[in-house]
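> Going line by line, the protein sequences match chains U and P.
Residues 1 to 474, numbered by UniProt numbering, are exactly what the first sequence covers, in order.
Residues 1 to 474, numbered by UniProt numbering, are exactly what the second sequence covers, in order.
Note that the Cβ used here is the ideal one computed from N, Cα and C, for glycine as well.
Only a predicted model underlies this, so the values are computations on that prediction, with no experimental measurement involved.
2 protein chains.
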Amino acid sequence: MTAAERLVVVGGDAAGMSAASQARRLKKPDELAITAFERSHFTSYSACGIPYWVGGVVDGPDALIARTAEEHRARDIDLRMRTEVTEIDLDRGRVRTRELDDGGRESWTGFDKLVLATGARPLRPDLPGIDAPGVHGVQTLDDGRALLDALEQTAGRRAPLDTPGTSAGRRAVVVGAGYIGVEMAEALIRRGYEVTVLERSAQPMSTLDPDMGALVHEAMCGLGVETVTGTTVTGVLTDSAGRARAVTTEDADHPADVVVLGMGVRPETTLAAAAGLPLGESGGLLTDLAMRVRGQDAVWAGGDCVEVHDLVSGRTRHIALGTHANKHGQIIGTNVGGGYATFPGVVGTAVSKVCDLEIARTGLLERQAHAAGLRFVAVTVESTSRAGYYPGARPMHVKMLAERRTGRLLGVQIVGREGAGKRVDIAAVALTAGMTVEQMTALDLGYAPPFSPVWDPVLVAARKATAAVRAAGG
Amino acid sequence: MTAAERLVVVGGDAAGMSAASQARRLKKPDELAITAFERSHFTSYSACGIPYWVGGVVDGPDALIARTAEEHRARDIDLRMRTEVTEIDLDRGRVRTRELDDGGRESWTGFDKLVLATGARPLRPDLPGIDAPGVHGVQTLDDGRALLDALEQTAGRRAPLDTPGTSAGRRAVVVGAGYIGVEMAEALIRRGYEVTVLERSAQPMSTLDPDMGALVHEAMCGLGVETVTGTTVTGVLTDSAGRARAVTTEDADHPADVVVLGMGVRPETTLAAAAGLPLGESGGLLTDLAMRVRGQDAVWAGGDCVEVHDLVSGRTRHIALGTHANKHGQIIGTNVGGGYATFPGVVGTAVSKVCDLEIARTGLLERQAHAAGLRFVAVTVESTSRAGYYPGARPMHVKMLAERRTGRLLGVQIVGREGAGKRVDIAAVALTAGMTVEQMTALDLGYAPPFSPVWDPVLVAARKATAAVRAAGG
Numbered sequence: 001m002t003a004a005e006r007l008v009v010v011g012g013d014a015a016g017m018s019a020a021s022q023a024r025r026l027k028k029p030d031e032l033a034i035t036a037f038e039r040s041h042f043t044s045y046s047a048c049g050i051p052y053w054v055g056g057v058v059d060g061p062d063a064l065i066a067r068t069a070e071e072h073r074a075r076d077i078d079l080r081m082r083t084e085v086t087e088i089d090l091d092r093g094r095v096r097t098r099e100l101d102d103g104g105r106e107s108w109t110g111f112d113k114l115v116l117a118t119g120a121r122p123l124r125p126d127l128p129g130i131d132a133p134g135v136h137g138v139q140t141l142d143d144g145r146a147l148l149d150a151l152e153q154t155a156g157r158r159a160p161l162d163t164p165g166t167s168a169g170r171r172a173v174v175v176g177a178g179y180i181g182v183e184m185a186e187a188l189i190r191r192g193y194e195v196t197v198l199e200r201s202a203q204p205m206s207t208l209d210p211d212m213g214a215l216v217h218e219a220m221c222g223l224g225v226e227t228v229t230g231t232t233v234t235g236v237l238t239d240s241a242g243r244a245r246a247v248t249t250e251d252a253d254h255p256a257d258v259v260v261l262g263m264g265v266r267p268e269t270t271l272a273a274a275a276g277l278p279l280g281e282s283g284g285l286l287t288d289l290a291m292r293v294r295g296q297d298a299v300w301a302g303g304d305c306v307e308v309h310d311l312v313s314g315r316t317r318h319i320a321l322g323t324h325a326n327k328h329g330q331i332i333g334t335n336v337g338g339g340y341a342t343f344p345g346v347v348g349t350a351v352s353k354v355c356d357l358e359i360a361r362t363g364l365l366e367r368q369a370h371a372a373g374l375r376f377v378a379v380t381v382e383s384t385s386r387a388g389y390y391p392g393a394r395p396m397h398v399k400m401l402a403e404r405r406t407g408r409l410l411g412v413q414i415v416g417r418e419g420a421g422k423r424v425d426i427a428a429v430a431l432t433a434g435m436t437v438e439q440m441t442a443l444d445l446g447y448a449p450p451f452s453p454v455w456d457p458v459l460v461a462a463r464k465a466t467a468a469v470r471a472a473g474g
Numbered sequence: 001m002t003a004a005e006r007l008v009v010v011g012g013d014a015a016g017m018s019a020a021s022q023a024r025r026l027k028k029p030d031e032l033a034i035t036a037f038e039r040s041h042f043t044s045y046s047a048c049g050i051p052y053w054v055g056g057v058v059d060g061p062d063a064l065i066a067r068t069a070e071e072h073r074a075r076d077i078d079l080r081m082r083t084e085v086t087e088i089d090l091d092r093g094r095v096r097t098r099e100l101d102d103g104g105r106e107s108w109t110g111f112d113k114l115v116l117a118t119g120a121r122p123l124r125p126d127l128p129g130i131d132a133p134g135v136h137g138v139q140t141l142d143d144g145r146a147l148l149d150a151l152e153q154t155a156g157r158r159a160p161l162d163t164p165g166t167s168a169g170r171r172a173v174v175v176g177a178g179y180i181g182v183e184m185a186e187a188l189i190r191r192g193y194e195v196t197v198l199e200r201s202a203q204p205m206s207t208l209d210p211d212m213g214a215l216v217h218e219a220m221c222g223l224g225v226e227t228v229t230g231t232t233v234t235g236v237l238t239d240s241a242g243r244a245r246a247v248t249t250e251d252a253d254h255p256a257d258v259v260v261l262g263m264g265v266r267p268e269t270t271l272a273a274a275a276g277l278p279l280g281e282s283g284g285l286l287t288d289l290a291m292r293v294r295g296q297d298a299v300w301a302g303g304d305c306v307e308v309h310d311l312v313s314g315r316t317r318h319i320a321l322g323t324h325a326n327k328h329g330q331i332i333g334t335n336v337g338g339g340y341a342t343f344p345g346v347v348g349t350a351v352s353k354v355c356d357l358e359i360a361r362t363g364l365l366e367r368q369a370h371a372a373g374l375r376f377v378a379v380t381v382e383s384t385s386r387a388g389y390y391p392g393a394r395p396m397h398v399k400m401l402a403e404r405r406t407g408r409l410l411g412v413q414i415v416g417r418e419g420a421g422k423r424v425d426i427a428a429v430a431l432t433a434g435m436t437v438e439q440m441t442a443l444d445l446g447y448a449p450p451f452s453p454v455w456d457p458v459l460v461a462a463r464k465a466t467a468a469v470r471a472a473g474g
């Protein structure tokens, strides 16, 4: 009998543990030994849930953990928590690890197959005071716990929920008005803070075009969030104890009892870079369609540490999103386990909310379409989420981009209230299928008054885009 | 200057008036004279909204009227209300009309182009007592008003909303547990009635497979609706005044203060049949892709009176649905007005709700796939509408059919709560694009905890269907 193959997984969150679990489904322990290393206290958790945990909407951290370390171990995955991989030695097929809680003991572990799922790290600009106590990232469950502890200390006790009147002047500053930033703004409002969001761009949600971002800006104002746009953070002021007490910009100081960084993330590929593995423009690992690292026979990578193929622009992009990480893990595990699966790519779909405002996008923004060399038309329509006469019908805006001449759908952005956001899926599937906006006008979408106007807002946008393509000529 | 062409439109609801309006956009009155005949009191209204009007959820009838007769007339459409077309004379290019409120005066109107939008009529089986006062259809706004008047008389006054405790034994029987039937069940519960729904099939919602219908059955029971399935209505018993007082089946009498017929509809094509126009199996008019009646140069038809091409089965079907009628009207008006547009067909999408239960389908049921000569696999999954840990996450069931060997998606059925129904649009677009279930597993759908689990329930179903296709072999 031959010895079992050795699989090593670096990173114990969505991509890594999905890969390990799927490989284990396909291969028994006597065929494949699986060792996974995770440096944090948590495994297989929903980082996307952290803003809702901080906001007190969901319990945490246990509820956010899809599968515990014990559950993985019960399925014959040798999961080593609080163990950091510090070096990848591709030539000798081994990784060096350090046990973070055990005096830093180091050792080497050999592998026949390697999966890199090292995730992403939050952007933390090199500014005075940025590392002061009171400045928080919200990337990991450890971050979430630290932030919640800070909120308790700030208040002297856990802040009451939904009682803005009791805020007693407690102030939070969120740096960055992207997905994490707006979700954290909601969370901190729920915790009773006065919230200021600072954003470098002219509008919040720079993952939308500015005209759609302006709708978000207006709505956030209505929700009681002060959003300062077009401003550059220059540093964090600290008090005599060294704790953050204000965020400074070129124009003003913004007092803060707590500061949250929501400036986006970058692929965490320090190890991969040191090992000479190929990285894209964003610093993310480059893989083939089977999620194998380019040029490598026995190394796969997935999740927030890779670049993915954008089916609309034809480029590779970095998109940190749990749903992709889970798919990558599933595909990697299948391939590592001797099966066959591929990840064709993404169309750039994202959906989020801040209080009752829903924000979604898929495909390309105007600037992305320009950068991809595409000529296009862009239209925006306002419609309602349900039949206009049905209770709960709320206005929603849909922006649609279509290629000139061909009429091919290039992207959709949605800003609205309840029922608006998930409509982006219609466009996500249409983009994947390469549909034209004219083809979309005939889509047989679900209609009944509680669910949609007789012309779904996406169809209204498709009709207007079709007319615009025709009017634009070649 | 040549005389204006003459367009006659028969039927002044969604399809007819959309056609007239779109034709008017393209042609001025001196180019095209438009005359439209409508026999009821209302034009351009949302019949789909009637259950919500009866239920007191929306105001009516005005709110349900998209555009009044006066508004149409202001746009140079000569709309004749309460005027019934009684004969189509294709040879001489004219229609005979009768004015219903004016002593029945008859006259002829000539046309160069004709649009038939005569709608559908509710099924009304030839049973003893079926025409008694107290037995109501819910097809037109006139029907809705008559039913509301009857509810008032039954109660001595308009029944209070949402106060089931005050029902004082007032009982409603709904015949038929399809879309209209379940929507009317909700409406009558809201009006304080004890509601019994009688259904011939083994399960309610025979537009779903029986296993999914069983989920609806169970949920309706939980909502306080008594649903008697597998029963055939034999007649309506009347009291000494001739009013309906009970619905009889083979097994029992079901006392009723009011009876609502929700047994579906058939195309209203009596005029077209008399004129020798081609009808399909369902009795609906047959058209080409431009919605022109087959074999006719100058006659178009659309809305509930036509059969549509089913893109999945390759057959023609009758589907009465406002969203199709509006599309047909738009396309007919474009073609009548000298433009070019086609209706490629439907995939059979429908969505409905009864109280908080959402019910949706698209594509083929098992029996329809069999009838189309397809070999297929069918899988069902249970998941949640949001991340499991997020408040408001509710269970939802997704059933998916895929063709054997090719893995092509054939149909999806969904039963769940809030957020479940409109997910059917994902499948509707995928069906239109001819996607395989394996392709669907990679769809880049909107993910965030308030909107979806990390694997959207439709993706979970696609994964299971993919495995089933593989397991089924050829």
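1. At least one CB of chain U closer than 9 angstroms to the CB of Phe451(P): is that the case?
2. Given that Gly421(P) touches chain U, what residues does it touch there, using C-beta distances under 9 angstroms?
3. CB-CB under 6 angstroms to Glu226(P), same chain, minus the five flanking residues each way: which ones, in chain order?
4. For Trp108(P), is the classification buried or exposed, using 16 other Cβ atoms within 10 angstroms of its Cβ as the cut-off for buried?
5. Grouping DSSP H, G and I as helix and E and B as strand, with all else coil, what is Trp455(U)?
6. Since Gly302(U) and Ala19(U) should fall inside the 8 angstroms C-beta cutoff, what is the C-beta to C-beta distance between them, to a whole number of angstroms?
7. Considering only the beta carbon of each residue, do Ala462(P) and Val437(P) sit closer than 9 angstroms?
8. If you measure from the beta carbon of Leu90(U) to each beta carbon in chain P, is any gap under 9 angstroms?
9. Using three-state DSSP, classify Gly110(U) as helix, strand or coil.
10. Is the shortest distance between the beta-carbon of His209(P) and the beta-carbons of chain U less than 9 angstroms?
11. Decide yes or no for the touch test of the segment 6-24 of chain P against the segment 387-399 of chain P: beta carbon pairs closer than 8 angstroms, at least 3 of them.
12. Cα separation between residue 484(U) and Leu443(U)?
13. Please report how far the alpha carbon of Ser167(P) lies from the alpha carbon of Leu151(P), in whole angstroms.
14. Mind listing the chain P neighbours of Leu365(U)? Cutoff is C-beta to C-beta under 7 angstroms, in chain order.
15. Using the DSSP secondary-structure output, state which residues sit across from Asp78(U) in a beta bridge.
16. Report the rounded CA-to-CA distance for Leu141(P) versus Ile50(P), giving the unit in angstroms.
17. Given that a residue counts as buried once 16 or more other Cβ atoms are within 10 Å of its Cβ, and exposed if not, what is His370(U)?
18. So the beta strand (DSSP E) Glu382(P) belongs to, where does it begin and stop?
19. With a floor of 4 residues, list each alpha helix (DSSP H) that falls wholly inside the segment 4-50 of chain U, ordered by position along the chain.
20. Can you find at least 3 beta carbon pairs, one from the segment 368-388 of chain U and one from the segment 306-320 of chain U, that sit closer than 8 angstroms?
21. Using a threshold of 9 angstroms, state whether the C-beta atoms of Val354(P) and Pro449(U) are closer than that.
22. Below 8 angstroms, can you find three or more Cβ-Cβ pairs linking the segment 327-339 of chain P to the segment 55-72 of chain P?
23. To which residues of the same chain is Leu357(P) closer than 6 angstroms at the C-beta, ignoring the five residues directly before and after it?
24. List, in chain order, every chain P residue whose beta-carbon is nearer than 7 angstroms to that of Gly322(U).
25. Given a threshold of 16 other Cβ atoms within 10 Å of its Cβ, counted over all protein chains shown, does Ala3(P) qualify as buried or as exposed?
26. List, in order along the chain, the chain U residues whose C-beta lies closer than 8 angstroms to that of Tyr390(P)?
27. Pro457(P) to Thr380(U), Cα distance in whole Å?
28. What separation, rounded to the nearest whole angstrom, lies between the Cα atoms of Gly104(P) and Arg98(P)?
29. Give the range of the beta strand (DSSP E) segment to which Asp122(U) is assigned.
30. Assuming contact is defined by CB atoms lying nearer than 9 angstroms, are Val469(U) and Val347(U) in contact in what I supplied?
31. So Ser352(U) contacts chain P; which residues on that side make the cut at Cβ distance below 8 angstroms?
32. What do you reckon, are the CB atoms on Thr83(P) and Arg39(P) nearer than 9 angstroms?
33. If the criterion is Cβ atoms closer than 9 angstroms, does the pair Ile180(U) and Gly262(U) meet it?
34. Which of the three DSSP states, helix, strand or coil, is assigned to Val216(P)?
35. Whose C-beta lies closer than 7 angstroms to the C-beta of residue 475(U) among residues of the same chain, with five residues either side of it excluded?
36. Listed from N- to C-terminal order along the chain, which residues in the segment 212-239 of chain U have their beta-carbon within a distance smaller than 9 angstroms of any beta-carbon of chain P?
This is what the structure holds:
1. Working through the second sequence from its first residue, we reach residue 451(P) at position 451. Phe451(P) counts as touching chain U.
2. Taking the second sequence and counting its residues from 1, one reaches residue 421(P) at position 421. Within 9 angstroms Cβ-Cβ: Gly446, Ala448, Pro450 and Phe451.
3. Counting from one through the second sequence, the residue named residue 226(P) turns up at place 226. Hits under 6 angstroms: Thr196.
4. One-based indexing of the second sequence puts residue 108(P) at position 108. Trp108(P) is exposed by the Cβ-count criterion.
5. What you label residue 455(U) is simply residue 455 of the first sequence in a count that begins at 1. In this structure, Trp455(U) counts as coil in the three-state DSSP scheme.
6. Mapped onto the first sequence, residue 302(U) falls at position 302. Mapped onto the first sequence, residue 19(U) falls at position 19. Indeed, because the Cβ distance is near 7 angstroms, the residues count as touching under 8 angstroms.
7. Here residue 462(P) refers to the residue found at position 462 when the second sequence is read from its first residue. Here residue 437(P) refers to the residue found at position 437 when the second sequence is read from its first residue. Yes, the pair counts as a contact, with Cβ atoms nearer than the cut-off.
8. As a first step, residue 90(U) is located in the first sequence; it is residue number 90 there, counting from the start. Judged by the 9 angstroms Cβ criterion, Leu90(U) is not in contact with chain P.
9. In the first sequence, the residue the question calls residue 110(U) occupies position 110. DSSP places Gly110(U) in strand when its eight states are reduced to three.
10. Within the second sequence, residue 209(P) is the residue found at index 209, counting from 1. Inspection of the sequence shows that residue 209(P) is occupied by Asp rather than by His. Not closer than 9 angstroms to any Cβ of chain U, the Cβ of Asp209(P) fails to qualify, so no.
11. no
12. Residue numbering for chain U in the displayed model covers 1 to 474; residue 484(U) lies beyond these limits and cannot be assessed.
13. Looking up residue 167(P) in the second sequence gives position 167. Looking up residue 151(P) in the second sequence gives position 151. Unreliable placement is indicated for Ser167(P), whose pLDDT of 46 sits below 50; the coordinate value is still reported in the next sentence. Straight-line Cα distance between these residues: approximately 12 angstroms.
14. On the first sequence, position 365 is the one that residue 365(U) refers to. Chain P residues near Leu365(U): none, gap ~16 angstroms exceeds 7 angstroms.
15. As a working mapping, residue 78(U) is identified with position 78 in the first sequence. Note: Asp78(U) sits in a beta bridge opposite Thr35(U).
16. Working through the second sequence from its first residue, we reach residue 141(P) at position 141. Working through the second sequence from its first residue, we reach residue 50(P) at position 50. In a straight line, the C-alpha of Leu141(P) is about 7 angstroms away from that of Ile50(P).
17. Against the first sequence, residue 370(U) aligns to sequence position 370. His370(U) should be labelled exposed.
18. By one-based count along the second sequence, residue 382(P) stands at place 382. Its beta strand (DSSP E) spans residues Phe376 to Thr384.
19. Qualifying alpha helix (DSSP H) stretches, in chain order: 14-26.
20. yes
21. For the purposes of this step, residue 354(P) is identified with residue 354 of the second sequence, where counting begins at 1. For the purposes of this step, residue 449(U) is identified with residue 449 of the first sequence, where counting begins at 1. No, these two residues do not count as a Cβ contact at 9 angstroms.
22. Here the segment 327-339 of chain P does not lie against the segment 55-72 of chain P, with fewer than 3 beta-carbon pairs under 8 angstroms apart.
23. Numbered from 1 along the second sequence, position 357 holds the residue referred to as residue 357(P). The residues are Ala219.
24. As a working mapping, residue 322(U) is identified with position 322 in the first sequence. Chain P residues near Gly322(U): Tyr447 and Val454.
25. Translated into positions along the second sequence, residue 3(P) becomes position 3. Exposed.
26. Numbered from its first residue, the second sequence carries residue 390(P) at position 390. Near Tyr390(P) (Cβ distances below 8 angstroms), the residues of chain U are Gly49, Tyr52, Val57 and Val58.
27. By one-based count along the second sequence, residue 457(P) stands at place 457. By one-based count along the first sequence, residue 380(U) stands at place 380. About 30 angstroms.
28. Looking up residue 104(P) in the second sequence gives position 104. Looking up residue 98(P) in the second sequence gives position 98. So the alpha carbons of these two residues sit roughly 5 angstroms apart.
29. Working through the first sequence from its first residue, we reach residue 122(U) at position 122. The amino acid at residue 122(U) is misidentified as Asp; the sequence shows Pro. That run of the beta strand (DSSP E) goes Ala120 to Pro122.
30. For the purposes of this step, residue 469(U) is taken as residue 469 along the first sequence, with counting starting at 1. For the purposes of this step, residue 347(U) is taken as residue 347 along the first sequence, with counting starting at 1. No; because the gap between Cβ atoms is not below 9 angstroms, this pair is not in contact.
31. Mapped onto the first sequence, residue 352(U) falls at position 352. Here the neighbours are Ala448.
32. For this step, residue 83(P) is matched to residue 83 along the second sequence. For this step, residue 39(P) is matched to residue 39 along the second sequence. Yes, they are a contact pair.
33. Mapped onto the first sequence, residue 180(U) falls at position 180. Mapped onto the first sequence, residue 262(U) falls at position 262. Against a cut-off of 9 angstroms, the Cβ pair of Gly262(U) and Ile180(U) comes out as a contact.
34. On the second sequence, position 216 is the one that residue 216(P) refers to. Helix at Val216(P).
35. Residue 475(U) lies beyond the stretch modelled for chain U, which goes from 1 to 474, so this question has no answer here.
36. none
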